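S.K.: Note that numbering that gives the first Met the number 0 has the sequence shown beginning at 0, numbered continuously upward. There's a structure below that I have some questions on.
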Amino acid sequence: MPFGGNDWLALTQEETLEPDIPICDPHHHFWDFRTQRIPYQRYLIHELADDVNSGHNVKSTVFIEARSMYRTDGPEEMRPVGEVEFVQGLAAASASGLYGPTKIAAAIVGHANLNLGDAVEPVLDALQAASPNRFRGIRHSVTWDPHPEVEVTSAHRAEGQLLSDNFRAGARVLARMGMSLEAWMYFPQLPELADFAKAVPDLPIILNHIGGLLRVGPYANRDDEVLATWREGLAAVAECPNVNVKLGGVGMPRTGMDWHDRDTPIGSEELAESMAPFMNYCIEQFGPDRSMFESNFPVDKVGYSYHVMYNAFKRLSSGYSDSERASMFHDTAARVYRVED
């Protein structure tokens, strides 16, 4: 495997900082097989429970779609309903208390193809029916980049989806039905998101992973230019009051860090120092009441442990007030995803 697993992560041990701070983790995945060569081929309720019970006060979590457990038959557009059915079952298992006190998948975000336009409504109805008490919205990845060496993770690969009439028609259906949209794209696309958010002002949008910063491939060793473009795009999106931002996703190697290549995993002090410039800029632009710390596990687990990550979040946020920290660790996510814990 190209990255270390749990045994490697266990080489770095720390005491839990401020263990009483309530946390709602607004972004994690479940899967039982990935085609990629990653150490976490299986990440289900037992694996997540091990992470959320590692010392921090994680009250609840939010599942975000990962193209997992789709149906294998029926109309193509309905196949993602299988993922929500699957996670609804895991959430029900968590509610038994067998896996600890955390309400795992207290809210569920699935996938629907917004390029269907108005025809997306029956798909959204089916997703809601699969999880009447937990389904909150969808993620439709629009990642795109002209450089072939940049990985494109979108299931519907096309340039400029946020600007298309069909996509926006589908988004208006989403808004009318009281659902939210997870926005996952790369940083050069942030101006498109700002334009989109203004065109659909009634749609709650959650920007994933600090806006998709890239510092590898064609974006490596160009921090002056790359970070200036990222900051400008992020500031434009922050002007849209219907957009919240997730503070995380920097453990992915595409952010240009070497954490996954080290003999010993990074500790929270260095991690906080490394993340702080990115996180603090996001918080400055969006404000704590529109910002939420996320794990993005197990994707970010290639770089650091859950325990170290939340210690780092606590370190880098230590200069904010108690109420501001409460927003970023719990309250913003609980409000956006309508989670009661």
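We treat Cβ as the ideally placed atom computed from N, Cα and C, and that holds for glycine. All of these numbers come straight from a predicted model, not from anything done at the bench.
#1: Is it buried or exposed for Leu10, if we count other Cβ within 10 angstroms and need 16 for buried?
#2: Under three-state DSSP, which class holds Leu270?
#3: Can you tell me which of the three DSSP states Asn5 falls into?
#4: For Arg78, which residues in the same chain have their Cβ closer than 6 Å to its Cβ, ignoring the five residues on either side in sequence?
#5: Taking Cβ positions, are Phe134 and Val108 nearer each other than 9 Å?
#6: Report the residue from Glu148, Tyr336, Glu283 whose alpha carbon sits nearest the alpha carbon of Arg214.
#7: Counting along the chain, where does the beta strand (DSSP E) carrying Asn243 start and finish?
#8: What three-state label does DSSP hand Arg138 in the structure shown?
#9: Give the range of the alpha helix (DSSP H) segment to which Pro190 is assigned.
#10: Taking the straight line between their C-alpha atoms, what separation do you get for Pro217 and Thr34?
#11: Could you check the C-alpha separation between Glu272 and Val61 for me, to the nearest Å?
#12: Pick out whichever of Asn165, Arg171, Asn279 has its Cα sitting closest to the Cα of Leu233.
#13: For the region 218 to 232 and the region 303 to 319, state whether three or more C-beta atom pairs, one from each stretch, are separated by less than 8 Å.
#14: In the DSSP assignment, find the unbroken beta strand (DSSP E) run with Ile63 in it and report its ends.
#15: Who are Val108's beta bridge partners in DSSP?
#16: Beta-carbon within less than 8 Å of Val298's beta-carbon, same chain only, minus the 5 sequence neighbours each way: which residues are those?
#17: Roughly how many whole angstroms lie between the Cα atoms of His208 and Thr228?
#18: Cutting at 8 Å between CB atoms, please list the residues of its own chain near Leu126, excluding the five before and the five after it.
#19: The alpha helix (DSSP H) with Met226 in it runs from where to where?
#20: According to DSSP, Gly206 sits in a beta bridge with which residue or residues?
#21: The alpha helix (DSSP H) that contains Ser322, what's its start and end?
#22: Closest to Ser67 by C-alpha separation, out of Trp30, Val151, Arg230, Arg175, would be which residue?
#23: So, Leu180 versus Pro203, is the Cβ gap smaller than 9 Å?
#24: Please report the distance separating the alpha-carbon of Phe32 from that of Ser267.
#25: Contact defined as beta carbons within less than 8 Å: I believe Pro38 pairs with Gly88. What is the distance between those atoms, to the nearest angstrom?
#26: Only counting the same chain, and skipping five residues up and downstream in sequence, which positions put a Cβ closer than 6 Å to that of Asn165?
#27: For Ala174, which residues of its own chain have a beta-carbon under 7 Å away from its beta-carbon, when the five flanking residues on both sides are left out?
#28: Are Leu123 and Met176 close, meaning C-beta to C-beta below 9 Å?
#29: Buried or exposed, going by whether 16 or more other CB atoms sit within 10 Å of the CB of His26?
#30: Would the region 320 to 340 and the region 38 to 47 be scored as touching if the rule is three or more Cβ pairs under 8 Å?
#31: Measure the Cβ-Cβ separation of Ala332 and Met291 and say whether it is below 9 Å.
#32: If you drop the 5 nearest sequence neighbours on each side, which residues of the same chain put their C-beta closer than 6 Å to that of Pro21?
#33: Is it the case that the Cβ atoms of Tyr185 and Thr254 are separated by a distance below 9 Å?
#34: Excluding five sequence neighbours on each side, which residues of the same chain lie with their C-beta closer than 6 Å to the C-beta of Thr101?
#35: Take the Cβ of Ala219 as the centre, count every other Cβ of all protein chains shown within 10 Å, and call the residue buried at 16 or more, exposed below.
#36: Pick helix, strand or coil for Met0, following the three-state DSSP scheme.
M.R.: So, to answer that:
#1: Position 11 of the sequence shown, counted from the start, is the residue given in the question as residue 10. Answer is exposed; the Cβ neighbour count stays below 16.
#2: Along the sequence shown, read from residue 1 onward, the residue named residue 270 stands at position 271. Reduced to three states, the DSSP call for Leu270 is helix.
#3: One-based indexing of the sequence shown puts residue 5 at position 6. DSSP places Asn5 in helix when its eight states are reduced to three.
#4: As a first step, residue 78 must be located in the sequence shown, where it is residue number 79. Taken in chain order, the residues that qualify are Tyr69, Arg70.
#5: Your numbering for residue 134 matches position 135 in the sequence shown. Your numbering for residue 108 matches position 109 in the sequence shown. Yes, these two residues count as a Cβ contact at 9 Å.
#6: Counted from its first residue, the sequence shown places residue 214 at position 215. When each option's Cα is compared against that of Arg214, the closest is Glu148.
#7: Counting from 1 along the sequence shown, the entry for residue 243 is found at position 244. Membership of Asn243 in the beta strand (DSSP E) is indicated by the continuous run 242 to 246.
#8: Start at 1 with the first residue of the sequence shown, and residue 138 comes out as number 139. In the structure shown, Arg138 sits in a strand (DSSP, three-state: E or B).
#9: Here residue 190 is taken as the residue at index 191 of the sequence shown, counted from 1. Per DSSP, Pro190 belongs to the alpha helix (DSSP H) from 189 to 198.
#10: Sequence index remark: in the sequence shown, residue 217 carries index 218 (1-based). Sequence index remark: in the sequence shown, residue 34 carries index 35 (1-based). Each residue's Cα considered, the two are about 25 Å apart.
#11: Along the sequence shown, read from residue 1 onward, the residue named residue 272 stands at position 273. Along the sequence shown, read from residue 1 onward, the residue named residue 61 stands at position 62. A straight-line Cα-Cα distance of about 27 Å links Glu272 and Val61.
#12: Within the sequence shown, numbered from 1, the residue matching residue 233 stands at position 234. Nearest to Leu233 by C-alpha distance, out of Asn165, Arg171, Asn279, is Asn279.
#13: No, because fewer than three Cβ pairs between the region 218 to 232 and the region 303 to 319 fall closer than 8 Å, the two stretches do not touch.
#14: By one-based count along the sequence shown, residue 63 stands at place 64. Here the beta strand (DSSP E) through Ile63 covers 56 to 63.
#15: The sequence position of residue 108 within the sequence shown is 109, counting from 1. DSSP lists Ile63, Gly136 as partners of Val108.
#16: Here residue 298 refers to the residue found at position 299 when the sequence shown is read from its first residue. Within the same chain, Cβ atoms closer than 8 Å to the Cβ of Val298 are found at His28, Gly248, Gly250, Met251, the five residues on either side in sequence being excluded.
#17: Here residue 208 refers to the residue found at position 209 of the sequence shown. Here residue 228 refers to the residue found at position 229 of the sequence shown. Cα to Cα, His208 sits roughly 16 Å from Thr228.
#18: By 1-based counting over the sequence shown, the position of residue 126 is 127. Once the five neighbours on either side are set aside, the close Cβ partners of Leu126 are Pro79, Val80, Val83, Gly109, Ala111, Phe134, Ile137.
#19: Residue numbering aside, residue 226 sits at position 227 when the sequence shown is read from its first letter. Strictly speaking, residue 226 in this sequence is Leu, with Met absent from that position. Secondary structure note for Leu226: its alpha helix (DSSP H) is the uninterrupted segment 222 to 237.
#20: As a first step, residue 206 is located in the sequence shown; it is residue number 207 there, counting from the start. Gly is not the amino acid found at residue 206; the sequence shown has Leu there. In the DSSP output, where bridge partners are listed per residue, Leu206 has Ala182, Val244.
#21: For this step, residue 322 is matched to residue 323 along the sequence shown. Note, Ser322: alpha helix (DSSP H), 321 to 325.
#22: For this step, residue 67 is matched to residue 68 along the sequence shown. It is Trp30 whose Cα lies nearest to the Cα of Ser67.
#23: Residue mapping note: residue 180 aligns to position 181 of the sequence shown, counting from 1. Residue mapping note: residue 203 aligns to position 204 of the sequence shown, counting from 1. Yes, the Cβ-Cβ distance between Leu180 and Pro203 is below 9 Å.
#24: Mapped onto the sequence shown, residue 32 falls at position 33. Mapped onto the sequence shown, residue 267 falls at position 268. Cα atoms of Phe32 and Ser267: separation of roughly 29 Å, rounded to the nearest angstrom.
#25: Numbered from 1 along the sequence shown, position 39 holds the residue referred to as residue 38. Numbered from 1 along the sequence shown, position 89 holds the residue referred to as residue 88. The beta carbons of Pro38 and Gly88 sit about 25 Å from each other, so the pair does not count as a contact at 8 Å.
#26: Working through the sequence shown from its first residue, we reach residue 165 at position 166. If we look at Asn165 and ignore the five residues flanking it on each side, its Cβ neighbours are Asn114, Gly116.
#27: Numbered from its first residue, the sequence shown carries residue 174 at position 175. Closer than 7 Å at the Cβ level, and outside the excluded window around Ala174, lie Val199, Asp201, Leu202.
#28: By 1-based counting over the sequence shown, the position of residue 123 is 124. By 1-based counting over the sequence shown, the position of residue 176 is 177. Cβ atoms of Leu123 and Met176: closer than 9 Å.
#29: Position 27 of the sequence shown holds residue 26. Classification of His26: buried, given that the 10 Å Cβ count is 16 or more.
#30: The region 320 to 340 makes no contact with the region 38 to 47; the number of CB pairs closer than 8 Å stays below 3.
#31: Translated into the one-based positions of the sequence shown, residue 332 becomes position 333. Translated into the one-based positions of the sequence shown, residue 291 becomes position 292. Result yes, Cβ atoms of Ala332 and Met291 sit closer than 9 Å.
#32: Position 22 of the sequence shown, counted from the start, is the residue given in the question as residue 21. Within the same chain, Pro21 has close Cβ partners Asn56, Lys58, His329.
#33: Numbered from its first residue, the sequence shown carries residue 185 at position 186. Numbered from its first residue, the sequence shown carries residue 254 at position 255. Not closer than 9 Å, so no.
#34: Working through the sequence shown from its first residue, we reach residue 101 at position 102. Same-chain partners within the cutoff: Val51, Val57.
#35: Residue numbering aside, residue 219 sits at position 220 when the sequence shown is read from its first letter. Here Ala219 is exposed: its Cβ has fewer than 16 other Cβ atoms, across all protein chains shown, within 10 Å.
#36: To locate residue 0, count along the sequence shown from 1; it is residue 1. Any reading at Met0 must be qualified, since the residue scores a pLDDT of 41, below 50, and its modelled position is unreliable; the value itself is stated next. In this structure, Met0 counts as coil in the three-state DSSP scheme.
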